[in-house]
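Residue 0 in this note's numbering sits at position 18 of the sequence shown; the count goes up by one each step and never skips.
Following: one structure in structure tokens, then a few remarks.
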Amino acid sequence: MDLVDIGANLTHASFVHDFDQVLARARGVGVSRLVVTGTGAAGSQAALELAERHPGVLYATAGVHPHHAAQFTAETESELAALLGDARVRAVGETGLDYHRDYSPRPAQLFAFERQVGLALATGKPLFLHQREAHDDLVAVLKPVRDRITRAVAHCFTGDKRELFDYLDLDFHIGITGWICDERRGEHLRALVREIPADRLLLETDCPYLLPRTLSPKPAHRRNEPMYLKHICEEVARDRGEAPEVTAGATTAAARAFFGI
Ligand SMILES: [Zn+2]
């Protein structure tokens, strides 16, 4: 099985002490490539440094998460632009809107998001989108410029059927995480993943967050890591009514085409 984890927060402090083992365990189950998520200017720089140390295995995104949008300045924008000049940085993000937590004021979120969409337009790099409870505002920003955006993925999709079809209508890719394994809040995704065309479906762990709740045996720790992508793939395959190898093959081809890796 060959898999691509399109969303791994490998710059997170919880990975520092055993980073090489984490990568080795991922490789052991077939996760051959990973895209390290950048969530701020410094974090994106750190993601790129990881990609530099693991050529052909790790790639990076550069962006500012909506949680940190209040700190987005003209200087941040030029730092991101510089990072996006590096070939190992494969997407702009994660960027978007999060009205669930509202850690940054909404006007600041919209400003930072629009500026990063501008970077995607200027560089031709795809968008790695984060959205929670802000669907209509996100679509309102992207729809008018969709024709000039190369590709976009709704990372960690958790929405409903209307949101899914809005994204598919915009020809976005859909990132599915272990959220689908959460019987308390992800059950609806099990039917929805059947609706996603094979060439629009991408898989991600969003580690160290979102440890799949259906792992058996349950690990003693709560940290998610890239090796659990195989489990997510198997769950998605079952929900789609196809063999895990089929889901793996399609999502890996889609991920490689999306990120050019
Ligand atoms: Zn996110």
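No residue lacks a Cβ here, since even glycine has one placed at the ideal position from N, Cα and C.
query: Can you give, in chain order, each stretch of the beta strand (DSSP E) that sits fully within the segment 126 to 207 and has at least 3 residues?
result: Within the segment 126 to 207, the complete beta strand (DSSP E) runs of at least 3 residues are 134 to 136, 155 to 158, 183 to 185.
- request: Would you check if the segment 11 to 30 and the segment -9 to 3 touch, i.e. whether three or more CB-CB distances between them fall below 8 Å?
  value: Under the Cβ criterion (8 Å, minimum of three pairs), the segment -9 to 3 counts as touching the segment 11 to 30.
- request: Pull every residue with its beta-carbon under 6 Å away from any heavy atom of ligand 1, and keep them in chain order.
  value: After applying the 6 Å Cβ criterion, the set is E76, H112, H137, C138.
field: C-alpha gap between E32 and L40, whole angstroms
entry: Indexing the sequence shown from 1 puts residue 32 at position 50. Indexing the sequence shown from 1 puts residue 40 at position 58. According to the sequence provided, residue 32 is Leu. The question's Glu does not apply to it. Rounded to the nearest angstrom, the two C-alpha atoms are 7 Å apart.
message: Here's the rule: buried if 16 or more other CB atoms are within 10 angstroms of the residue's CB, otherwise exposed. What is D118?
response: Here the question's residue 118 lines up with position 136 in the sequence shown. Its Cβ having fewer than 16 others within 10 Å, D118 is exposed.
- request: Could you spell out where the beta strand (DSSP E) holding I(-12) opens and where it closes?
  value: The sequence position of residue -12 within the sequence shown is 6, counting from 1. I(-12) -> beta strand (DSSP E) spans -15 to -10.
task: Could you pull the start and end residues of the beta strand (DSSP E) that S14 belongs to?
output: As a first step, residue 14 must be located in the sequence shown, where it is residue number 32. 13 to 18 is the span of the beta strand (DSSP E), which, as asked, contains S14.
- request: Since I believe L30 is in contact with G45 (beta carbons under 8 Å), could you give me their beta-carbon distance rounded to a whole number of angstroms?
  value: Residue mapping note: residue 45 aligns to position 63 of the sequence shown, counting from 1. Residue mapping note: residue 30 aligns to position 48 of the sequence shown, counting from 1. Contact doesn't hold; Cβ gap of about 12 Å is too wide.
message: So for A44, helix, strand or coil by DSSP?
response: On the sequence shown, residue 44 is found 62 positions in, with the first residue counted as 1. DSSP places A44 in strand when its eight states are reduced to three.
task: With DSSP collapsed to three states, give me the class of F54.
output: Residue 54 sits at position 72 when you count from the first residue of the sequence shown. Correct three-state label for F54: coil.
message: Measuring straight from C-alpha to C-alpha, what distance separates Y149 and I156?
response: For the purposes of this step, residue 149 is taken as residue 167 along the sequence shown, with counting starting at 1. For the purposes of this step, residue 156 is taken as residue 174 along the sequence shown, with counting starting at 1. C-alpha separation (whole angstroms): 8 Å.
query: What is the DSSP secondary structure of H112, reduced to helix, strand or coil?
result: Sequence index remark: in the sequence shown, residue 112 carries index 130 (1-based). H112: strand per DSSP, three-state reduction.
Rounded Cβ spacing between W161 and L174 (contact assumed at less than 8 Å): Against the sequence shown, residue 161 aligns to sequence position 179. Against the sequence shown, residue 174 aligns to sequence position 192. Not a contact, Cβ separation roughly 11 Å.
- request: Report the rounded CA-to-CA distance for L79 versus Q3, giving the unit in angstroms.
  value: Numbered from its first residue, the sequence shown carries residue 79 at position 97. Numbered from its first residue, the sequence shown carries residue 3 at position 21. Looking at the two C-alpha atoms, the distance is approximately 34 Å.
query: From L192 to N206, what distance separates their C-alpha atoms?
result: Counting from one through the sequence shown, the residue named residue 192 turns up at place 210. Counting from one through the sequence shown, the residue named residue 206 turns up at place 224. Distance between the alpha carbons of L192 and N206 is about 6 Å.
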